[in-house]
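Asks:
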Amino acid sequence: MTTPLRLPKRLLVGNPMRSAQLAETLLPKRLALPVYCSDPISSNAYATQEIILVLALGGASMLLLTPWVAVAVVSLLALVTLSYRQTCHAYPDGGGAYAVSRANLGRNASLVAAAALMVDYVMTVAVSVASGVENFVSAFPHLRPYGVGLCIAFILVLTLMNLRGVRESGTLFAIPTYGFVLSVFVMLGVGFWNALNGHAPIAESADLGFAGVSPAGAALILLLLRAFASGCTSLTGVEAVSNGVPTFRTPKAHNASLTLLAMGGLSIAMMLGISVLSTWARVHIADSTDQLTNVPAGYEQRTVLAQLSAAVFGNNTVGFFAVQGFTTLILVLAANTAFNGFPILASILAEDRYLPKQLGRRGDRLVFSNGILILASIAGGLIVVFDGSVTRLIQLYILGVFVSFTLSQSGMVVYWRRRAADGGWTPKLVGSLLVNAVGAVATAVVLVIVLFTKFTHGAYLVVIAIPVLFLVMVRIHRHYQRVSRQLAPKAGGITLPSRIHAVVLISQVNEPSLKALAFARAIRPSTITALRVDTSPARTRKLIEEWEAREIPVPLTVVQSAFRDLTEPVLDYLSKIRVGPRDVVQVFVPEYVVGHWWEQVLHNQSALRLKSRLLYMPGVMVTSVPYQLSSAAPYSLARPGAGAEIAVPPTGSATGTSGPRAPSAQAAAPTDPPGRPDAAARDGADPSEGRERERSLASSQR
Numbered sequence: 120m121t122t123p124l125r126l127p128k129r130l131l132v133g134n135p136m137r138s139a140q141l142a143e144t145l146l147p148k149r150l151a152l153p154v155y156c157s158d159p160i161s162s163n164a165y166a167t168q169e170i171i172l173v174l175a176l177g178g179a180s181m182l183l184l185t186p187w188v189a190v191a192v193v194s195l196l197a198l199v200t201l202s203y204r205q206t207c208h209a210y211p212d213g214g215g216a217y218a219v220s221r222a223n224l225g226r227n228a229s230l231v232a233a234a235a236l237m238v239d240y241v242m243t244v245a246v247s248v249a250s251g252v253e254n255f256v257s258a259f260p261h262l263r264p265y266g267v268g269l270c271i272a273f274i275l276v277l278t279l280m281n282l283r284g285v286r287e288s289g290t291l292f293a294i295p296t297y298g299f300v301l302s303v304f305v306m307l308g309v310g311f312w313n314a315l316n317g318h319a320p321i322a323e324s325a326d327l328g329f330a331g332v333s334p335a336g337a338a339l340i341l342l343l344l345r346a347f348a349s350g351c352t353s354l355t356g357v358e359a360v361s362n363g364v365p366t367f368r369t370p371k372a373h374n375a376s377l378t379l380l381a382m383g384g385l386s387i388a389m390m391l392g393i394s395v396l397s398t399w400a401r402v403h404i405a406d407s408t409d410q411l412t413n414v415p416a417g418y419e420q421r422t423v424l425a426q427l428s429a430a431v432f433g434n435n436t437v438g439f440f441a442v443q444g445f446t447t448l449i450l451v452l453a454a455n456t457a458f459n460g461f462p463i464l465a466s467i468l469a470e471d472r473y474l475p476k477q478l479g480r481r482g483d484r485l486v487f488s489n490g491i492l493i494l495a496s497i498a499g500g501l502i503v504v505f506d507g508s509v510t511r512l513i514q515l516y517i518l519g520v521f522v523s524f525t526l527s528q529s530g531m532v533v534y535w536r537r538r539a540a541d542g543g544w545t546p547k548l549v550g551s552l553l554v555n556a557v558g559a560v561a562t563a564v565v566l567v568i569v570l571f572t573k574f575t576h577g578a579y580l581v582v583i584a585i586p587v588l589f590l591v592m593v594r595i596h597r598h599y600q601r602v603s604r605q606l607a608p609k610a611g612g613i614t615l616p617s618r619i620h621a622v623v624l625i626s627q628v629n630e631p632s633l634k635a636l637a638f639a640r641a642i643r644p645s646t647i648t649a650l651r652v653d654t655s656p657a658r659t660r661k662l663i664e665e666w667e668a669r670e671i672p673v674p675l676t677v678v679q680s681a682f683r684d685l686t687e688p689v690l691d692y693l694s695k696i697r698v699g700p701r702d703v704v705q706v707f708v709p710e711y712v713v714g715h716w717w718e719q720v721l722h723n724q725s726a727l728r729l730k731s732r733l734l735y736m737p738g739v740m741v742t743s744v745p746y747q748l749s750s751a752a753p754y755s756l757a758r759p760g761a762g763a764e765i766a767v768p769p770t771g772s773a774t775g776t777s778g779p780r781a782p783s784a785q786a787a788a789p790t791d792p793p794g795r796p797d798a799a800a801r802d803g804a805d806p807s808e809g810r811e812r813e814r815s816l817a818s819s820q821r
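In the working numbering, the protein residues as written are 120 to 821.
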């Protein structure tokens, strides 16, 4: 039965899936591309723009170098793509840089790679969503003041879609991804065709100038390095495919490597095309309009893609809105790459006990729900802190991913050397090693460039975050190791308790209290005591009178509370009980079970505080005795054994059922609510005999 509380969850997330349905969630290549590659594909919407923003500091002449910087970026992209294809085949169980580093470089290197990847995934969500909203408000400028709110709304939508399952999110995200690819290639095709026919598109910012001066010498080299580092944002997300190899259909590694090749080819073609076309169209943009000259009144800068689509198709045309619409969607949905990569990586770290175990558990829809929620929360917080600014967020970007790139490819070099040591060198093995070796050197150089050029612009925050996350994972692992050592069973096993002393907490004579007393008596403890903490003398006197009137056969002990507190008097009483070293004190706590959250606030607060303190007292067992109120009826479950099959005996059989024997009246009597005169009568016995039996039991317990 779906309870009222679960109905909204089912509408938003969907019905739970069985573990046996996990194979149904595996992805074909056509869906794996939008799921795992939307980030590197979508980065073409802003990678060229980031190059232009840096080169613009050197004046209009520097923008002519945009295509050459793009060539350097896509060359590195091709190298990394080939490298990660080999990782997919070598480590088909997923984990990417973390798995490679763990197997070949040791624990510390693997944790650094994992920390860097997790930071990069968080930044992917923040930057992608913020960039998508920036493109959206370029088409609808009046929505610019609501940018942060739109970012948070998009993150919530992404979170819900990913909680519904990888396959469902892949089906939904396929349309924007393929729509973006198609619209950009159509724009590039039309733009180049017009340019070759003497009608090159002209950007709306072509007549604007720059206030900067042309750099020379070391300043020129530094500017080019900064532009290259900014353009390398197009490499983010490449590693996500190697992390998610287990989610591909069989043959998993083969399908993952083909998906990587498709992603690399599409990204390279789009980035080269956008960079060349933006140079021909003379797109001029800067960090702010203050750095531009000849700016008309009321002018607002639009993104590179917005200016190109307006120049090719015409402003506010169907083609313009198609490019802007698909760009916005894919930039927002590019965060889906992180929503799939982060939870999988976190689950692997949780299995290795470097992150909380909860991150390794699948939710109702067979996805790692806890990882999805944590990622969304952190990314949303970053967007709020940085006011949704792509320019500010981008400075924290790509540093983490190049750390993982370098460690992953260095680990693969060690992997191939071990393979050669086992089976000898072959031409194929030498080629594989060279790809990874060149890739490791190249990404290490880029890492230094990114660190040097972006450190003072905000990258220092990532430099701090990665070591902090590394130390947190180390401490978590030590904790789990320490707990495992303490929980290991001793050679002699566990010694049985000598005696059990039951203590039932009583606030008043009511059904929950009597139920707790009945349950305590049913376990037949060595001693049993009803304990009342006197916080109100009038209520205590009333309790004693009712106790004696009902002839409850359990001794009632009253302890004083000078400060009207419940917890400390109970702890003080338990500390003074005379018990043996092998005895156990079992405390029974009656509790109300309510159906509404506001009722929960009104009840059980004292019980919760007391139980939390009793957990730290050795030799004490705490038993909650629930009593369901009427408001809890919609949430009530079936009684234990309600689903058991009962065999119908043949006609004339002396026995009623073929299950466990029903308890006799005498055996059931001690479990009835104590002090109820009609308890024995219900069992078919004389009530006076029942009361006499209870008095005898009470005398023996005293």
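Ideal Cβ positions, reconstructed from N, Cα and C, are used throughout, including at glycine. The structure presented is a predicted model; accordingly, all values stated were derived computationally and were not measured.
According to the Cβ coordinates, are Ala430 and Pro320 closer than 7 Å?
Replies: The count along the sequence shown starts at 1 and reaches residue 430 at position 311. The count along the sequence shown starts at 1 and reaches residue 320 at position 201. Yes.
Asks: For Ala258, which residues in the same chain have their Cβ closer than 6 Å to its Cβ, ignoring the five residues on either side in sequence?
Replies: One-based indexing of the sequence shown puts residue 258 at position 139. The residues are Gln443.
Asks: Please determine, among Val402, Val739, Val581 and Asp471, the residue with the shortest C-alpha to C-alpha distance to Thr185.
Replies: Working through the sequence shown from its first residue, we reach residue 185 at position 66. Of Val402, Val739, Val581 and Asp471, the residue nearest in Cα terms is Val402.
Asks: Output yes if chain C places a C-beta closer than 7 Å to the C-beta of Pro644; else output no.
Replies: You won't find chain C in this structure, because it holds only one protein chain.
Asks: I'd like to confirm the pairing. Which residues does DSSP put opposite Arg651 in its beta bridges?
Replies: By 1-based counting over the sequence shown, the position of residue 651 is 532. According to DSSP, which records beta bridges pairwise, Arg651 is partnered with Val677.
Asks: Over what stretch of residues does the beta strand (DSSP E) that includes Gln168 continue unbroken?
Replies: By 1-based counting over the sequence shown, the position of residue 168 is 49. Looking at the DSSP string, Gln168 is not in any beta strand (DSSP E); the run it does join, the alpha helix (DSSP H), is Ala166 to Leu174.
Asks: I'd like to confirm the pairing. Which residues does DSSP put opposite Ala621 in its beta bridges?
Replies: In the sequence shown, the residue the question calls residue 621 occupies position 502. In the DSSP assignment, Ala621 is bridged to Ile647 and Gln705.
Asks: For Val708 and Met592, what's the separation of their Cα atoms in angstroms?
Replies: Here residue 708 refers to the residue found at position 589 of the sequence shown. Here residue 592 refers to the residue found at position 473 of the sequence shown. Val708 and Met592 have their alpha carbons spaced roughly 38 Å apart.
Asks: What three-state label does DSSP hand Val593 in the structure shown?
Replies: Within the sequence shown, numbered from 1, the residue matching residue 593 stands at position 474. Assigned with DSSP and collapsed to three states, Val593 falls in helix.
Asks: With DSSP as the reference, label Glu470 as helix, strand or coil.
Replies: Counted from its first residue, the sequence shown places residue 470 at position 351. Glu470 carries a helical assignment under DSSP once its states are collapsed to helix, strand and coil.
Asks: Taking 8 Å as the limit between beta carbons, can you name the residues of its chain near Met740, skipping five residues before and five after?
Replies: Position 621 of the sequence shown, counted from the start, is the residue given in the question as residue 740. Taken in chain order, the residues that qualify are Val703, Val704, Gln705 and Val706.
Asks: Do you know how far the Cα of Val423 is from the Cα of Val303?
Replies: Residue numbering aside, residue 303 sits at position 184 when the sequence shown is read from its first letter. Residue numbering aside, residue 423 sits at position 304 when the sequence shown is read from its first letter. Distance between the alpha carbons of Val303 and Val423 is about 12 Å.
Asks: What separation, rounded to the nearest whole angstrom, lies between the Cα atoms of Leu464 and Val582?
Replies: Mapped onto the sequence shown, residue 464 falls at position 345. Mapped onto the sequence shown, residue 582 falls at position 463. Distance between the alpha carbons of Leu464 and Val582: 20 Å.
Asks: For Arg204, name the three-state secondary structure that DSSP assigns.
Replies: Counting from one through the sequence shown, the residue named residue 204 turns up at place 85. Arg204: helix per DSSP, three-state reduction.
Asks: Please give me, in chain order, every unbroken run of the beta strand (DSSP E) with length at least 3 that falls completely inside the stretch 424-502.
Replies: none
Asks: Can you say whether Gln168 is buried or exposed, counting buried as having 16 or more other CB atoms within 10 angstroms of its CB?
Replies: Taking the sequence shown and counting its residues from 1, the one referred to as residue 168 is at position 49. Its Cβ being crowded by 16 or more others within 10 Å, Gln168 is buried.
Asks: Thinking C-beta only, is Leu515 closer than 7 Å to Val569?
Replies: Walking along the sequence shown from the start, residue 569 turns up at place 450. Walking along the sequence shown from the start, residue 515 turns up at place 396. Cβ distance not < 7 Å, so Val569 and Leu515 don't count as in contact.
Asks: Indicate the three-state DSSP secondary structure (helix, strand or coil) for Gly328 in the structure shown.
Replies: Here the question's residue 328 lines up with position 209 in the sequence shown. Residue state, collapsed to three classes: strand.
Asks: From Leu145 to Val364, what does the alpha carbon distance come to, in whole angstroms?
Replies: On the sequence shown, residue 145 is found 26 positions in, with the first residue counted as 1. On the sequence shown, residue 364 is found 245 positions in, with the first residue counted as 1. Straight-line Cα distance between these residues: approximately 10 Å.
Asks: For Gly438 and Ser428, what's the separation of their Cα atoms in angstroms?
Replies: By 1-based counting over the sequence shown, the position of residue 438 is 319. By 1-based counting over the sequence shown, the position of residue 428 is 309. Rounded to the nearest angstrom, the two C-alpha atoms are 7 Å apart.
Asks: Can you have a look at Pro147 and say buried or exposed, based on whether 16 or more other CB atoms are within 10 angstroms of its CB?
Replies: As a first step, residue 147 is located in the sequence shown; it is residue number 28 there, counting from the start. Classification for Pro147: exposed.
Asks: Can you tell me where the alpha helix (DSSP H) with Ser361 in it begins and where it stops?
Replies: Taking the sequence shown and counting its residues from 1, one reaches residue 361 at position 242. Run containing Ser361: Ala359 to Asn362, per the alpha helix (DSSP H) assignment.
Asks: With DSSP run on the structure shown, which of helix, strand or coil describes Ser743?
Replies: Residue numbering aside, residue 743 sits at position 624 when the sequence shown is read from its first letter. Looking at Ser743 - three-state DSSP - the assignment turns out to be strand.
Asks: How do the stretch 453-463 and the stretch 200-210 stand: do at least 3 beta-carbon pairs fall below 8 Å, yes or no?
Replies: At 8 Å Cβ cutoff, the stretches do not touch.
Asks: Would Ala761 and Leu450 qualify as a contact pair, given that the criterion is a beta-carbon distance under 7 Å?
Replies: Along the sequence shown, one-based indexing puts residue 761 at 642. Along the sequence shown, one-based indexing puts residue 450 at 331. No, the pair does not count as a contact, with Cβ atoms beyond the cut-off.
Asks: According to the Cβ coordinates, are Val199 and Leu354 closer than 7 Å?
Replies: On the sequence shown, residue 199 is found 80 positions in, with the first residue counted as 1. On the sequence shown, residue 354 is found 235 positions in, with the first residue counted as 1. Contact: yes.
Asks: Can you tell me whether DSSP reads Val414 as helix, strand or coil?
Replies: Start at 1 with the first residue of the sequence shown, and residue 414 comes out as number 295. Assignment of Val414 by DSSP, reduced to helix, strand and coil, places it in the coil class.
Asks: Pick from Leu548, Val557, Trp187 and Ser376: whose alpha carbon is nearest that of Cys156?
Replies: Counting from one through the sequence shown, the residue named residue 156 turns up at place 37. The shortest C-alpha separation from Cys156 is found at Ser376.
Asks: Alpha carbon to alpha carbon, how far is Asp212 from Ala405? Give it in angstroms, no decimals.
Replies: For this step, residue 405 is matched to residue 286 along the sequence shown. For this step, residue 212 is matched to residue 93 along the sequence shown. Looking at the two C-alpha atoms, the distance is approximately 45 Å.
Asks: Can you tell me the Cβ-Cβ gap for Tyr203 and Ser397, rounded? I've got them flagged as a contact below 8 Å.
Replies: Locating residue 203 in the sequence shown gives position 84, counting from the first residue. Locating residue 397 in the sequence shown gives position 278, counting from the first residue. Between Ser397 and Tyr203 the Cβ distance is about 28 Å, and since that is not below 8 Å, they are no contact.
Asks: For Pro644 and Val623, what's the separation of their Cα atoms in angstroms?
Replies: Reading the sequence shown from its first residue, position 525 is the one you call residue 644. Reading the sequence shown from its first residue, position 504 is the one you call residue 623. Their Cα atoms are separated by approximately 12 Å.
Asks: With a cut-off of 8 Å on the beta carbons, I'd call Pro546 and Leu448 a contact; round off their distance for me.
Replies: Translated into positions along the sequence shown, residue 546 becomes position 427. Translated into positions along the sequence shown, residue 448 becomes position 329. About 45 Å separates the two Cβ atoms, so there is no contact after all.
Asks: So, helix, strand or coil for Val154, using DSSP?
Replies: Residue numbering aside, residue 154 sits at position 35 when the sequence shown is read from its first letter. Correct three-state label for Val154: helix.
Asks: Measuring CA to CA, which of Val357, Arg368, Lys695 and Thr278 is closest to Leu380?
Replies: One-based indexing of the sequence shown puts residue 380 at position 261. Of the listed residues, the one whose Cα sits closest to Leu380 is Val357.
Asks: Rounded to a whole number of angstroms, what is the C-alpha to C-alpha distance between Leu183 and Ile170?
Replies: Here residue 183 corresponds to residue number 64 of the sequence shown, with the count starting at 1. Here residue 170 corresponds to residue number 51 of the sequence shown, with the count starting at 1. So the alpha carbons of these two residues sit roughly 11 Å apart.
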